[in-house]
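Residue numbers (the working numbering): 689 to 938.
Just so you know, even glycine gets a beta-carbon here, dropped at the ideal spot from N, CA and C.
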Amino acid sequence: MIPKLIHYCWFGSQPLPATTQRYLDSWRQFLPDYQIQLWNEHNFDYQANPYARAAYAAGKYAFVADVCRIQALYQHGGIYLDTDVQMVASFDPFLHHHCFTGFEQGMNPYTRQLTCNPQAGVMGCEAGSTLMHHIWQQYQNLEFNPQQLTTINQLFKQLYQQHGIILNNQQQEIPGYVCVYPSDYFMAKNAYTHELNRTANTVCIHHYDGTWLNDSKRIDQLKRRLLNLLRTTLGARNSQKLIALLKRRH
Numbered sequence: 689m690i691p692k693l694i695h696y697c698w699f700g701s702q703p704l705p706a707t708t709q710r711y712l713d714s715w716r717q718f719l720p721d722y723q724i725q726l727w728n729e730h731n732f733d734y735q736a737n738p739y740a741r742a743a744y745a746a747g748k749y750a751f752v753a754d755v756c757r758i759q760a761l762y763q764h765g766g767i768y769l770d771t772d773v774q775m776v777a778s779f780d781p782f783l784h785h786h787c788f789t790g791f792e793q794g795m796n797p798y799t800r801q802l803t804c805n806p807q808a809g810v811m812g813c814e815a816g817s818t819l820m821h822h823i824w825q826q827y828q829n830l831e832f833n834p835q836q837l838t839t840i841n842q843l844f845k846q847l848y849q850q851h852g853i854i855l856n857n858q859q860q861e862i863p864g865y866v867c868v869y870p871s872d873y874f875m876a877k878n879a880y881t882h883e884l885n886r887t888a889n890t891v892c893i894h895h896y897d898g899t900w901l902n903d904s905k906r907i908d909q910l911k912r913r914l915l916n917l918l919r920t921t922l923g924a925r926n927s928q929k930l931i932a933l934l935k936r937r938h
């Protein structure tokens, strides 16, 4: 059984945003009997891992959190949540798994194709999970390169492909390894436009807030989100015409 233990990470000197506090309130509302554990530079030894140490020195705290979440899950078991995840139901029906996670899905505004990928913002496991051990081993040998960043989702994608998991947004299980759920369970927003796709299956909603970004990068993220929404709604050619028209009026 997966223990009723929620892990989350917050590195750096910035305080938790007000929106994050509201998401944490939803955790307490729907998971009242779960322990909630915060990990930061005071209780996670990022210096012990070369990748995490280099990421911390570069101020790339999200990548430090990638290493931290895997270590916490592998050593203690429980459920990891990104700080921009809102709970709308309980994880109790999933605690029987050895390990569970889910897909994220969205319409790519550039190709107009539906894409499906692994995600690492919501996942749970028993201590000693084989999947988490495999990811942890990769972080022991991975070099942090700010010019060519490797995301944790890329590491999961490699392992999924090695084990025959198909990126098709359908529930799939490898007994004793992982059960992967469709995106509407844990990632009920379009990965590109962030439109909500809540269903009867939805347990939590990942809001893609990018709380680790500074103000400038967060504005850039918002611009990309709006552009993606335009391309998805109007198509690439029509959206470019609209943008050009708006620029002329300015």
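Under 8 Å Cβ to Cβ from leucine 719, same chain only, skipping five residues before and after it: list those, please. Lys692, Ile694, Met775, Ser778 and Phe779
Compare the beta carbon distance of histidine 821 and tyrosine 762 with 7 Å and say whether it is the shorter of the two. yes
Ignore the nearest five residues each way along the sequence and tell me which others in asparagine 885's own chain have a CB closer than 8 Å to its CB. Ser871, Asp872, Ala876, Lys877 and Asn878
Are the CB atoms of alanine 808 and histidine 658 within a distance shorter than 7 Å? Since the first and last residues shown for the chain are 689 and 938, residue 658 lies out of range.
Does DSSP put valine 773 in a helix, in a strand, or in coil? strand
Taking the alpha-carbon positions, what's the tyrosine 827 to alanine 743 distance? Note on geometry: alpha-carbon atoms of tyrosine 827 and alanine 743 lie some 12 Å from one another.
Please state the DSSP three-state secondary structure of phenylalanine 791. strand
Buried or exposed: threonine 799, going by 16 or more other Cβ atoms within 10 Å of its Cβ? By the 16-neighbour rule on beta-carbons within 10 angstroms, threonine 799 is exposed.
Go through its chain and collect everything with a Cβ distance to isoleucine 823's Cβ below 6 Å, but skip five positions before and after it. Ile758 and Leu843
So asparagine 829 is in the alpha helix (DSSP H); what residue range does that whole segment cover? 818-829
Beta-carbon gap between threonine 771 and tyrosine 696 smaller than 7 Å: yes
Report the three-state DSSP secondary structure of glutamine 860 (helix, strand or coil). strand
Among the residues of its own chain, which have a CB less than 6 Å from the CB of phenylalanine 732, if the five just before and after it don't count? Cys756
Please list, in chain order, all residues of the same chain as aspartate 897 whose beta carbon is under 7 Å from its beta carbon, the five residues on each side excluded. Thr707 and Asp772
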